[in-house]
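Enquirer: Provided herewith is a single structure, encoded as structure tokens, for subsequent inquiry.
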Amino acid sequence: MALTYSAGSLVTARGREWVVLPESEPDLLVLRPLGGSDDDIAAVFPAFETVKVAEFAPPEPGDLGDQRAAGLLRTALRVGFRSGAGPFRSLAGIAVEPRAYQLVPLLMALRQKTVRMLISDDVGIGKTVEAGLIASELLAQGEATGLAVLCSPALAEQWQQELRSKFGIDAELVLSSTVSRLERGLDLGQSLFDKYPHVIVSTDFIKSTRHRDDFVRHCPDLVIVDEAHTCVTSDDSKVSTQNQLRYELLRRVAEDAERHLLLVTATPHSGKESAFRNLLGLVRPELAHVDLDSEKGRKLLAQHFVARKRADVRQYLTKEDGLADDSLAERTAFPSDRYFKDETYKLSPEYRALLDDAIAYASERVEEADGQGRREARIAWWSAIALLRSLVSSPRAAAQTLRTRSAAAVAASAEEADRLGAPLTSDSADSDALEGMDVAPGAETEENAGSRLAELARRAQELEGPAQDLKLKALIKHLKALLADGYNPIVFCRYIPTAEYLAEQLGNDPETKKRSPLGAKTVVKAVTGTLSPQQRIDRIEELAAEAGEDAAARRVLIATDCLSEGVNLQHHFDAVLHYDLAWNPTRHDQREGRVDRYGQKRDEVRVITLYGDDNGIDGKVLEVLIKKHRQIKKDLGISVSVPDEMSTGVTDAIVEWLLLRGRQGEQEALFESDSFQQSFADLEQDWNSAADREKASRSRFAQRSIHPEEVAREVAAVREALGGAGEIDTFVRESLNALGAVLRDSGEDFTAQVGGMPVGLRDALAPVVGAETVERDRPIPFRSTSAVARGEAALVRTDPVVGALASHVLNAALDTQADGARPARRCGVVTTDAVTTRTTLLLVRYRFHLTLPSRNGEKQVVAEDARLLAFEGAPRNAVWLPQERAVELLEARATENTAAASGERTMTRILDQLDEVTPYLESYGDELAAELDASHRRVRAASGEIVRGLSVTAQKPADILGTYVYLPATASVPAGVSA
Numbered sequence: 000m001a002l003t004y005s006a007g008s009l010v011t012a013r014g015r016e017w018v019v020l021p022e023s024e025p026d027l028l029v030l031r032p033l034g035g036s037d038d039d040i041a042a043v044f045p046a047f048e049t050v051k052v053a054e055f056a057p058p059e060p061g062d063l064g065d066q067r068a069a070g071l072l073r074t075a076l077r078v079g080f081r082s083g084a085g086p087f088r089s090l091a092g093i094a095v096e097p098r099a100y101q102l103v104p105l106l107m108a109l110r111q112k113t114v115r116m117l118i119s120d121d122v123g124i125g126k127t128v129e130a131g132l133i134a135s136e137l138l139a140q141g142e143a144t145g146l147a148v149l150c151s152p153a154l155a156e157q158w159q160q161e162l163r164s165k166f167g168i169d170a171e172l173v174l175s176s177t178v179s180r181l182e183r184g185l186d187l188g189q190s191l192f193d194k195y196p197h198v199i200v201s202t203d204f205i206k207s208t209r210h211r212d213d214f215v216r217h218c219p220d221l222v223i224v225d226e227a228h229t230c231v232t233s234d235d236s237k238v239s240t241q242n243q244l245r246y247e248l249l250r251r252v253a254e255d256a257e258r259h260l261l262l263v264t265a266t267p268h269s270g271k272e273s274a275f276r277n278l279l280g281l282v283r284p285e286l287a288h289v290d291l292d293s294e295k296g297r298k299l300l301a302q303h304f305v306a307r308k309r310a311d312v313r314q315y316l317t318k319e320d321g322l323a324d325d326s327l328a329e330r331t332a333f334p335s336d337r338y339f340k341d342e343t344y345k346l347s348p349e350y351r352a353l354l355d356d357a358i359a360y361a362s363e364r365v366e367e368a369d370g371q372g373r374r375e376a377r378i379a380w381w382s383a384i385a386l387l388r389s390l391v392s393s394p395r396a397a398a399q400t401l402r403t404r405s406a407a408a409v410a411a412s413a414e415e416a417d418r419l420g421a422p423l424t425s426d427s428a429d430s431d432a433l434e435g436m437d438v439a440p441g442a443e444t445e446e447n448a449g450s451r452l453a454e455l456a457r458r459a460q461e462l463e464g465p466a467q468d469l470k471l472k473a474l475i476k477h478l479k480a481l482l483a484d485g486y487n488p489i490v491f492c493r494y495i496p497t498a499e500y501l502a503e504q505l506g507n508d509p510e511t512k513k514r515s516p517l518g519a520k521t522v523v524k525a526v527t528g529t530l531s532p533q534q535r536i537d538r539i540e541e542l543a544a545e546a547g548e549d550a551a552a553r554r555v556l557i558a559t560d561c562l563s564e565g566v567n568l569q570h571h572f573d574a575v576l577h578y579d580l581a582w583n584p585t586r587h588d589q590r591e592g593r594v595d596r597y598g599q600k601r602d603e604v605r606v607i608t609l610y611g612d613d614n615g616i617d618g619k620v621l622e623v624l625i626k627k628h629r630q631i632k633k634d635l636g637i638s639v640s641v642p643d644e645m646s647t648g649v650t651d652a653i654v655e656w657l658l659l660r661g662r663q664g665e666q667e668a669l670f671e672s673d674s675f676q677q678s679f680a681d682l683e684q685d686w687n688s689a690a691d692r693e694k695a696s697r698s699r700f701a702q703r704s705i706h707p708e709e710v711a712r713e714v715a716a717v718r719e720a721l722g723g724a725g726e727i728d729t730f731v732r733e734s735l736n737a738l739g740a741v742l743r744d745s746g747e748d749f750t751a752q753v754g755g756m757p758v759g760l761r762d763a764l765a766p767v768v769g770a771e772t773v774e775r776d777r778p779i780p781f782r783s784t785s786a787v788a789r790g791e792a793a794l795v796r797t798d799p800v801v802g803a804l805a806s807h808v809l810n811a812a813l814d815t816q817a818d819g820a821r822p823a824r825r826c827g828v829v830t831t832d833a834v835t836t837r838t839t840l841l842l843v844r845y846r847f848h849l850t851l852p853s854r855n856g857e858k859q860v861v862a863e864d865a866r867l868l869a870f871e872g873a874p875r876n877a878v879w880l881p882q883e884r885a886v887e888l889l890e891a892r893a894t895e896n897t898a899a900a901s902g903e904r905t906m907t908r909i910l911d912q913l914d915e916v917t918p919y920l921e922s923y924g925d926e927l928a929a930e931l932d933a934s935h936r937r938v939r940a941a942s943g944e945i946v947r948g949l950s951v952t953a954q955k956p957a958d959i960l961g962t963y964v965y966l967p968a969t970a971s972v973p974a975g976v977s978a
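Set out below in structure tokens:
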């Protein structure tokens, strides 16, 4: 008859020891390796394989380690935990160490039965991590069974990579380019949203009525919406059909009151109060109408809305936040500021003549079309704007635009002309459809204009190169200055032809032996909408790899606005140069936000804006829009979007003035014209109102539902169970040294060459840092920040390099027959002046059975915890020390040598008597279980239903992994006291 094994018990099978998991049945055991992760879980049939009860072997008294043995073994053990017993089930298993402030949305979410959140932290604070934390926690607890992320197709692969690498969530991409392949694998009548529990979905693909209904019917019970402000409509302005479709999709998704919904955006307002209200209505219907100036309204909103500036979290959990001391203080290294510099250039005489002739042509065309009807007038208008913007951008963009038919030319009505022409020539802040918007827009609208436009195109083409294109010449000058100061810049352009032109002019060409004007060691590459989102990331990685680690090497990325939203570039670049001015300043902020974010190593990000002094457009846009936007951000500390129709009104007035000047000469200055003054007055009023509303809302709706003291308490508990950054730093340095690595310090960071380490460990590191790095013994950078580039290691417990190192140290400690260096041991005898009487330190592993109630039924979990316990004297008459004193013993250093034979005798005596401390270890386990139970209830205190049925019990007996005896040095023994 087969034995029945309870969950949490130890068994031996297949030559190793396992923990029995709650999913086991009498005839099928589900097992996790002792000290292993969920990736190693296996199923075993006791009827066909030998399974025995395992007793955890006591330490061997002859296998003594040095003074570091206890600390290294403890850290190695804790790094291996993948299922913590605390209220945050997922923190032990994710590959990112969240900042304390990033736990606030998670704490807010866990107080809700159905999670509905609007996360609106500032750009670069880490909203993706905050949303990922909530998602991974809900999935780990069983509160959610599936996940859908709705985002722009350009960001889909980045979301997939973030979820997989940081949170262990494998999600399938559902895009227009992948859906056919996915549907081929479906059973008859099956929805792909049933087949794939976790999906990343293109919002623009799924919003169509053809796909929307299937998604809504089979939608997962947890949905994250990225850039959520692009998915709502306002009541007081024209709204695009795309926004209406997105809003209808989200409205139907949100109708299910049981569905978890996380809306993520750095700009919840976009300058429109009604759009903000509609966004809130998706979170909770009554928020769309409640008086947010009332105490009731603010309290209701505070449960669901978090919006913080960098200044709010740069220093967190300090005495200024109301805490008693700074022991848990966390300082996040955002760049302190952006250094702005506006640099001008003048047109060459030839370029000036071309621009004047183009303006004259566009002016004539607009005037002629005005008499032909509204449709013809709008087509001519968009053609004129396309011509002017491309001429100001670059000769190549101008030539291509002049040779390309206008997108609006096929329009059947004035409204269709606006719909086709506007996206290619304007820079709407509300549009998330950046794909395809960087192509040359086209200016040709009639057949008989071909020869005239062809002549203009020929003249534009002849202006390529720094001799005639003085804008390019100015760019080279300013890039040289940035590179000389050690910066690696991104140059943002409006159009694909401009980006390709710049890359051609600035790059080195080995085939023609053309040398870059920026130097032979400067690597230049372009990323535009001609590449798929994944190809863009690959191109950036190629650029970084090609530049390498050579201190003299520099990298320059030329990019269109296909990279201006969502993509993280702070690891490779630290400066932005706006080669083409955007006509909506929010786009500038988005570009700069790609490098000015958490993980940027530079304290100051440089921003250079290049503008034409005499082209009639740039200077006006800079003065009226860009500088105004900067000033508001400086005053408020956050970006405030300019309403699209207002910025369009101003740029339309500038174009009208240019065209009028082309017909009537310099009759009046732009700033004196009636149309401009009216447009600017409207813009000023609307923008100031938006800024005032934003300022008031930041004050009224500041996150107050979670007090810093509550965060501090949970942070302390997490660090107690899983360890902090200082412990990991010490562990990694000492383990690497002991295993034969060569370390070199570099401030708080260091590098390690691992060529001399054991072969098995090197093989484990190769997939993480790169096989070539390991094979050629290149230095691996270890960073104190968790935001690291590919090939670097973060000094956090969840980093894969740290995990591989910990696994090796733990396995070597448990296997006394292991070959090579063994930094950690299960026993140690140290003579030290840190104690005055014999003191024994125990490293104890506890296993807990947790019953976690959720909306989907109870979930049975086995979790682990490691604790240090210390007592003075003999085990029979042990005097137990406070927890903090036990931890202090890890820092004790030997002050006298201990003879090996004497140490082994001492250890043998202690180990023979350890059974005497079992009652204390079990009672301590019960205390820990009670504390964990209280912690789970505290975090979920706002909903009684969530904690009803919760229970935590300790598995007995506990495992004693390590035993370490500290003997008092001769000088530290008081007179008359025996050691």
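Sequence positions in the sequence shown follow numbering that gives the first Met the number 0 and run 0 to 978.
Ideal Cβ positions, reconstructed from N, Cα and C, are used throughout, including at glycine.
Which ranges does the beta strand (DSSP E) cover as unbroken runs of at least 3 residues, wholly within the region 15 to 93, from first to last along the chain?
Expert: 15 to 19, 28 to 32, 41 to 43, all fully within the region 15 to 93.
Enquirer: Tell me which same chain residues have a C-beta within less than 7 Å of the C-beta of G131, skipping the five on either side of it?
Expert: Closer than 7 Å at the Cβ level, and outside the excluded window around G131, lie E161, L162, K165, F166.
Enquirer: Per DSSP, which residues does G827 bridge with? Please list them.
Expert: In the DSSP output, where bridge partners are listed per residue, G827 has G64, Y963.
Enquirer: So for D341, helix, strand or coil by DSSP?
Expert: If DSSP states are grouped into helix, strand and coil, D341 belongs with the strands.
Enquirer: Excluding five sequence neighbours on each side, which residues of the same chain lie with their C-beta closer than 8 Å to the C-beta of I727?
Expert: These residues qualify, in order along the chain: T74, V78, L794, V795, R796, V801.
Enquirer: Do G769 and G739 have their CB atoms nearer than 8 Å?
Expert: Not a contact, by the Cβ cut-off of 8 Å.
Enquirer: Ordered along the chain, which non-local residues of its own chain (more than five positions away) have a Cβ less than 6 Å from that of A68?
Expert: A823, R824, G827.
Enquirer: Determine the contact status of V282 and L117, defining contact as a CB-CB distance below 8 Å.
Expert: Yes, the pair counts as a contact, with Cβ atoms nearer than the cut-off.
Enquirer: Let's see if you can read the secondary structure: which residues bound the alpha helix (DSSP H) around G872?
Expert: Neither: G872 is in no alpha helix (DSSP H) and is coded neither H nor E.
Enquirer: Please report the distance separating the alpha-carbon of F275 from that of Y246.
Expert: Each residue's Cα considered, the two are about 12 Å apart.
Enquirer: Less than 7 Å between C-beta atoms, sequence neighbours within five positions excluded: which residues of the same chain meet that for V29?
Expert: Result list for V29: L20, E22, S23, I40, A42, in chain order.
Enquirer: Please state if the CB of E136 and the CB of P532 are separated by a distance shorter than 8 Å.
Expert: Result no, Cβ atoms of P532 and E136 do not sit closer than 8 Å.
Enquirer: Quick one, which of A310, N896, L868 has its alpha-carbon nearest Y919's?
Expert: If we check each option's Cα against that of Y919, L868 comes out closest.
Enquirer: Alpha carbon to alpha carbon, what distance is there between H848 and T838?
Expert: Distance between the alpha carbons of T838 and H848: 31 Å.
Enquirer: With DSSP collapsed to three states, give me the class of E463.
Expert: DSSP places E463 in coil when its eight states are reduced to three.
Enquirer: Can you tell me whether T585 is buried or exposed? The criterion is at least 16 other CB atoms within 10 Å of its CB, across all chains shown.
Expert: Result: buried.
Enquirer: So if DSSP puts H259 in a beta bridge, which residue, or which two residues, is it bridged to?
Expert: Per DSSP, L221.
Enquirer: Identify the residues that DSSP records as bridge partners of R553: which are they?
Expert: Paired residue(s): T521.
Enquirer: Grouping DSSP H, G and I as helix and E and B as strand, with all else coil, what is Q314?
Expert: Q314 falls in the strand class under three-state DSSP.
Enquirer: Looking at A383: is its Cβ nearer than 8 Å to the Cβ of S389?
Expert: For A383 and S389, no; Cβs fall outside 8 Å.
Enquirer: Between the beta-carbon of A751 and the beta-carbon of F730, is there less than 8 Å?
Expert: It is not a contact, given that the beta carbons lie outside the stated cut-off.
Enquirer: Please report whether the beta-carbon of D958 lies at a distance below 8 Å from any beta-carbon of chain E.
Expert: Given the protein chain composition of this structure (a single chain), no chain E is represented.
Enquirer: Nearest CA to the CA of I705: which residue from H570, D320, A361, R209?
Expert: When only C-alpha atoms are compared, the closest one is D320.
Enquirer: When DSSP builds the beta bridges, which residues end up paired with L172?
Expert: DSSP lists I199 as partners of L172.
Enquirer: Candidates D468, A385, E454, H259: which alpha carbon is nearest S347's?
Expert: Of the candidates D468, A385, E454, H259, the one whose C-alpha sits nearest the C-alpha of S347 is D468.
Enquirer: Let me know the secondary structure DSSP gives C230 once reduced to three states.
Expert: DSSP places C230 in helix when its eight states are reduced to three.
Enquirer: Specify the secondary structure class of R404 as computed by DSSP and reduced to three states.
Expert: In the structure shown, R404 sits in a strand (DSSP, three-state: E or B).
Enquirer: Which partner residues of D958 appear in the DSSP bridge assignment?
Expert: D958 pairs with R844.
Enquirer: If you pair each beta-carbon of the region 600 to 609 with each one of the region 339 to 346, do three or more pairs fall below 8 Å?
Expert: Short answer: they touch.
Enquirer: In chain order, what residues of the same chain have a beta carbon less than 6 Å from the beta carbon of Y315, not counting five sequence neighbours either side?
Expert: Hits under 6 Å: A99, Y100, E329.
Enquirer: Confirm, please, whether the CB-CB distance from P152 to E129 is below 8 Å.
Expert: It is not a contact, given that the beta carbons lie outside the stated cut-off.
Enquirer: Near L401, what residues of its chain come up, given a Cβ to Cβ distance below 6 Å and the 5 sequence neighbours on each side ignored?
Expert: Answer for L401: A442, L452, L455, A456, listed in chain order.
Enquirer: Helix, strand or coil, according to DSSP, for F204 in the structure here?
Expert: Helix.
Enquirer: Under the assumption that N507 contacts A519 (Cβ atoms under 8 Å), give the Cβ distance between them as a whole number of angstroms.
Expert: Contact flag correct, Cβ pair sits at about 6 Å.
Enquirer: Sorted by chain position, which residues of the same chain lie with C-beta nearer than 6 Å to K513's C-beta, five sequence neighbours on each side aside?
Expert: Closer than 6 Å at Cβ, skipping near neighbours: no residue.
Enquirer: Would you call the region 253 to 269 in contact with the region 218 to 231, where contact means no fewer than 3 C-beta pairs closer than 8 Å?
Expert: Because the criterion of three Cβ pairs below 8 Å is met, the region 253 to 269 and the region 218 to 231 touch.
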